[in-house]
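Residue numbers (the numbering used here), protein chains in the order written: chain A, 1030 to 1724; chain B, 2 to 241.
Backbone N, C-alpha and C fix where the C-beta goes; we use that ideal spot for every residue, glycine too.
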Amino acid sequence: MNTDIQKVRNIGISAHIDSGKTTLTERILFMTRRIHRIHEVRGKDGVGATMDSMELEKERGITIASAATYCQWGDHEVNIIDTPGHVDFTIEVERALRVLDGAILVLCAVGGVQSQSITVDQQMKRYRVPCIAFVNKCDRSGADPFRVIAQLREKLHHNAVALQIPIGQEAGFEGVIDLISMKAVYFDGDYGDAVRIEAIPADLLDLAREKRDILIDAASIFSDELTDAVLEETEISERMLLAAVRTGTLKREITPVLMGSAYKNKGIQTLLDAVTRFLPSPMDVSNIAMDIDDPEKQIILSGKADDPLVALAFKLEDGHYGQLSYIRLYQGMLKKGDVAVNMRNRQKIKVGRIVRMHADQMEDVERISAGYIGAFFGIDCSSGDTFAAPGLNLSMTSMFVPEPVISLAIKPVNLQSEKNMTKALSRFTKEDPTFRAFTNEETNETIISGMGELHLEIYLERMKREYQSDIISGEPRVAYRETISARSEFDYTHKKQTGGSGQYGRISGYLEPAPDQDFIFENKVTGGSIPTQFIPACEKGFKACLEKGPYMKYPVTGIKIVINDGASHTVDSSDIAFQAAARGSFQQGYVKASPILLEPIMKVVVETPGEFQGNVMGSMNQRRGIIIGAHDVGYTTVIEARVPLAEMFGYATVLRSLTQGKAQFTMEFDAYKQVPKSVLDKLREKEEKKIKTGT
Amino acid sequence: MIKKQLILKDPLKFLNSSQKQIAATGGFGAVIARPGVGKTAFLVQIALRAMLTGKKVLHISVQDPVDKVNLWYIELFQKITASFPPDQQAGLWEELLTRRFIMTFETESFSFEKLQHRVTELKTQNVFVPDMIIIDGLTIDAAMYPKLNRLKSFAGENAINFWFSVGRHDREACDILDVADEFGDDFNVLFNQILWMVPEKTRILVKQYADRQTDEGDRPLVCLDPSTMLVQEENSISPE
């Protein structure tokens, strides 16, 4: 294990679906001799790419869970987190970014900056991850790396600068010209593993000079030495240029762009060189932890191995030997037999086996120190838990977790399946905070909810395969919500004084809409007309009503309740009486407050060849979608629309048949909007039918 | 309520009367100014006002991405409706969104044939049937006459009203007479409405060009406040 932290790189590979990032990772592992054969993502040999270790991932040719792996390049150690590209798994991407120091942004030389690249880029901005760009698929027809650079500048506002130019276009793509050393680099051999360096071909010399000047111009901002050299027109050394580009990259003010084709084994070695040259070591970035008692206070971690331990469990996996927790160390060292505290529940744990991961194969190690990524066994924790040395009171920044938008009822077929299902659900909910499971007490159904159809589908499949749990699943359901659209007053008396101990409570006040809030409760009662000890009971009573709105029986949000008067009885008033009064008040006020139903609206982006764009727009229109716009980029058209989630079920199949499988789409939650009247009536009808058939 | 008030106070009302006539035949309007004066802001306001009266607007931008165009609309809409309560604003915005369609092209991939094809497609799919098309960011010059004439007959057949931004990207100054000279005698025939934006110290005047011979062009129709880019109400026009 490398002990020089300056020579460690923790990097991620982020990209749009099908830009080839798993293929790229595979090639990197091959070039660094971590694997000895190349398996294609959808290869004929049936092995699948090494990083896609889950059976399901192999079958579908997509990467679901990000696996961590490490490899050596020269004297540098590179830890790679393979991140999923589908938008339903955004949480995995975000979590991975939290533990990275730098990233490779993979872009397709034909497709350029696609919608998913934009999402990923925003995430990188949020965590301030420095990145280099790799323009992949330069061998495809229609490839144009310089157009991609222009898009990086325009769409993502990156100060993107080419470090290379391609030799040969499209199918004739042979290698790259390195603009820093001004040499042509070819990749020979069956697997492109024999690098041949030659002088630049005469016909490309002018272009190379021109692009090099652009590079020097952009880099000179970050180095006085380089600026002087430019002004004095002296020789610009390779070292000077490298240092300046590195400074700019670390500040996120320059994005070096490299080129190649992972599938054709071209440009991988030069990309690895760039990773070690330009991306930060764990020492180059400062990581911030939060004080648990005072979340406002930020503590900068030293990153030194001699300081007390701070580590983050960023991913869990169910291994053959129990739970495997991936961790990133920010400070200190973790040795076998050490004691650490899980800051979430203050439980002390004793560290047993520590391993380093290579997809699903692992190596045992004695210790891991700050800046490294590893995993430990047999420790019960959730992802996102912070582990620290006893005595510390720190937590790594809490991560942003979006609310699920879609849910599904599931039912096991027999007892064995039920047991397995319970096990599976408890594992999945621990692994993935955007995946939730709960039991509907009325119907006794188990409900799972998540970020999209595919998201839930994958978990259902995993339950079947990994947990042998046979499950019948219902129709996916949209997470509707209720809210009110007007202010209304209530004045309600709860009275039950006939025999036995009586109940009495009166509450008056008003309800009003509180957009963008869940629930606000305000107590404006003066003069003790409702005694102070009963106020919490009132709040509790109101809160209980929010779970199931009186309007359509969906959860209520965006409401403010103010109470300003009431009455009590010296003997008969109690907590229970005021809770009941609150329920009554809510019912009374709610119907008058013009309740409305809200539905989740998704931002849908479809990329389609131009000839199908009419069909695609038509399909959006049929789905109550509002098309925001269409952007024409030569052969493809990018259509952006807002469509209700309820209408998007099964859209992947529809889109495939509309466009001969040539279009792809991404979808993410945008906002909650009111359900139009006509749709509302249909929903009502359905509900009524259900009640009729149910009884 | 909010809609009525906005329509009543519309400073661009003068366009409506003439627009009705030319819309039937598929009229062309041009907004002329040098770069940076505010052609896009003005065109977006023409679009917004049209949308308020129930017209459907297809906004074509040759250079800016969809998000940027959308931002123009959001900003100007918010400024126009700033005096109304937020929930009314939001309701109206939702309504207007259904009457707007943004289509953007990269400069090299744009052609009038493609545009006509797309519009026809939108119509046949019943996705969007525009009443007005705004074309922004395209360099329009006299060499385009034949193409523009073909487009005009297309506009007539489909009863679509076109607005163009006519900029002079190559020159700092932009004199209306120069432009008129370049286009020659057919200038007035091709464009039924020619508006010309002249920046002054504290405001941007919008003048109408009718004929080279007349002085009519000197009287400003409306003016824009350069800080908000909003079209001012008529009575605010007074000599500086």
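So for threonine 1092 of chain A, helix, strand or coil by DSSP? A caution first: threonine 1092 of chain A carries a pLDDT of 48, below 50, which makes its placement in the model unreliable, though a value can still be read off. Three-state result, threonine 1092 of chain A: coil.
8 Å Cβ cut-off: residues of chain A touching leucine 71 of chain B: In the sequence as presented, leucine is not what sits at residue 71 of chain B; that position holds asparagine. Under the 8 Å cutoff, chain A gives Ile1657, Gly1658.
Any idea what DSSP makes of methionine 52 of chain B, helix, strand or coil? Annotated three-state conformation of methionine 52 of chain B is helix, per DSSP.
Run down chain A in chain order and give the residues with a C-beta less than 8 Å from the C-beta of leucine 123 of chain B. Simply Gly1643, Met1646.
Short of 8 Å in beta carbon distance, which residues of its chain neighbour tryptophan 73 of chain B, apart from the five on each side in sequence? Order them along the chain. Once the five neighbours on either side are set aside, the close Cβ partners of tryptophan 73 of chain B are Thr41, Ala42, Val45.
With DSSP collapsed to three states, give me the class of aspartate 1699 of chain A. Of the three classes helix, strand and coil, the one that applies to aspartate 1699 of chain A here is strand, per DSSP.
Which residues in chain B have a C-beta closer than 7 Å to the C-beta of valine 1635 of chain A? List them in chain order. Correct list: empty, because the minimum Cβ distance to chain B is about 13 Å.
Pull the bridge partners of alanine 1438 of chain A from the DSSP assignment, please. Partner(s): A/Ile1476.
Should glycine 1529 of chain A be counted as a contact of the ligand HEM given a C-beta to heavy atom distance under 6 Å? The ligand HEM is absent from the structure shown, which contains no ligands of any kind.
Beta-carbon neighbours of methionine 133 of chain B, restricted to chain A and to distances below 7 Å: Residues of chain A passing the Cβ test: none, with the nearest at roughly 16 Å.
Option in A/Ala1247, A/Cys1100, A/Ala1291, A/Tyr1664 with minimal Cα separation from valine 1139 of chain A: The option with the nearest alpha carbon to valine 1139 of chain A is A/Tyr1664.
Over the uninterrupted beta strand (DSSP E) stretch that includes phenylalanine 1467 of chain A, give me the two end residues. DSSP places phenylalanine 1467 of chain A inside the beta strand (DSSP E), whose first and last residues are 1465 to 1469.
Just confirm the distance between the C-beta atoms of isoleucine 1645 of chain A and threonine 1688 of chain A, as a whole number of angstroms; I'd bet it's less than 8 Å. Looking at the sequence provided, one finds valine at residue 1645 of chain A rather than isoleucine. Contact annotation, valine 1645 of chain A with threonine 1688 of chain A: C-beta distance approximately 7 Å; criterion of less than 8 Å satisfied.
For the stretch 1172 to 1196 of chain A, enumerate the residues whose C-beta is nearer than 8 Å to any C-beta of chain B, in chain order. If the cut-off is 8 Å between Cβ atoms, the stretch 1172 to 1196 of chain A has Glu1183, Lys1184 near chain B.
Please report the distance separating the alpha-carbon of threonine 1278 of chain A from that of isoleucine 75 of chain B. Each residue's Cα considered, the two are about 34 Å apart.
Taking the alpha carbon of lysine 1582 of chain A as the reference point, which residue from A/Thr1305, A/Glu1568, A/Glu1432, A/Ala1508 has its own alpha carbon closest? Selected option, being the one with the closest Cα: A/Ala1508.
With DSSP run on the structure shown, which of helix, strand or coil describes arginine 1385 of chain A? Arginine 1385 of chain A sits in a strand when the DSSP states are folded into three classes.
Please report the distance separating the alpha-carbon of valine 1384 of chain A from that of aspartate 1313 of chain A. In this model, valine 1384 of chain A and aspartate 1313 of chain A are separated by some 25 Å (Cα to Cα).
Cβ-based burial, tyrosine 146 of chain B [other Cβ within 10 Å; buried from 16]: The residue in question, tyrosine 146 of chain B, is exposed, as its Cβ has fewer than 16 Cβ neighbours within 10 Å.
For valine 1662 of chain A, which residues in chain B fall below 8 Å Cβ to Cβ? Going along chain B in sequence order, the residues near valine 1662 of chain A (Cβ under 8 Å) are Glu107, Ser110.
Sequence-distant residues of its chain with Cβ nearer than 6 Å to lysine 1691 of chain A (five each side left out): Closer than 6 Å at Cβ, skipping near neighbours: Pro1638.
Out of curiosity, what's the CA-to-CA distance linking asparagine 1650 of chain A and glutamate 1470 of chain A? In this model, asparagine 1650 of chain A and glutamate 1470 of chain A are separated by some 38 Å (Cα to Cα).
What would DSSP say about leucine 1712 of chain A, mapped onto helix, strand or coil? Helix.
Note down the Cα distance separating tyrosine 1099 of chain A from phenylalanine 1251 of chain A, rounded to an integer number of angstroms. Those two C-alpha atoms are separated by around 31 Å.
Closest by CA to phenylalanine 1641 of chain A, which one among A/Met1269, A/Phe1698, A/Ser1686? It is A/Ser1686.
Check the Cβ-Cβ distances between leucine 97 of chain B and every residue of chain A, and say whether any is below 7 Å. Taking a beta-carbon distance threshold of 7 Å, leucine 97 of chain B does not count as an interface residue toward chain A.
Can you name the residues of chain A whose CB is closer than 8 Å to the CB of glutamine 126 of chain B? For the C-beta of glutamine 126 of chain B, the chain A residues within less than 8 Å are, from N- to C-terminus, Gly1643, Asn1644, Met1646, Gly1647, Asn1650.
Do alanine 1417 of chain A and valine 1380 of chain A come within 7 Å of each other at the CB atom, strictly closer than that value? Between valine 1380 of chain A and alanine 1417 of chain A, the gap from beta carbon to beta carbon reaches 7 Å or more.
Cα-Cα separation, glutamine 22 of chain B to lysine 1589 of chain A: Below a pLDDT of 50, predicted positions are generally treated as unreliable, and glutamine 22 of chain B, at 49, falls in that range; the measurement from the model is reported next regardless. Answer to the nearest angstrom: the Cα atoms are 52 Å apart.
Here's the rule: buried if 16 or more other CB atoms are within 10 angstroms of the residue's CB, otherwise exposed. What is alanine 24 of chain B? Low local confidence applies: a pLDDT of 48 at alanine 24 of chain B is under 50, so the model's placement there is unreliable, and no value is given.
Given proline 1195 of chain A, which residues of its chain have a CB within under 7 Å of its CB, disregarding the five upstream and five downstream residues? Excluding its 5 nearest sequence neighbours in each direction, proline 1195 of chain A has C-beta neighbours in its own chain below 7 Å: Cys1167, Pro1174, Phe1202, Val1205, Met1288, listed in chain order.
Could you tell me how far apart the beta carbons of isoleucine 1559 of chain A and serine 1597 of chain A are, in whole angstroms, since I believe they sit closer than 8 Å? Under the criterion of beta carbons closer than 8 Å, isoleucine 1559 of chain A and serine 1597 of chain A qualify as touching, at roughly 6 Å.
Are the beta-carbon atoms of arginine 1516 of chain A and glutamate 1541 of chain A separated by less than 7 Å? Yes; because the gap between Cβ atoms is below 7 Å, this pair is in contact.
Quick check on leucine 1029 of chain A: does DSSP put it in helix, strand or coil? Coverage of chain A is limited to positions 1030 through 1724, which leaves residue 1029 of chain A absent and any answer about it impossible.
Is glutamate 1669 of chain A close to chain B, meaning its C-beta is less than 7 Å from at least one C-beta of that chain? So, interface residue.
Compare the C-beta of valine 120 of chain B against all C-beta atoms of chain A and say whether one is closer than 7 Å. Residue contact check for valine 120 of chain B against chain A: no CB pair falls below 7 Å.
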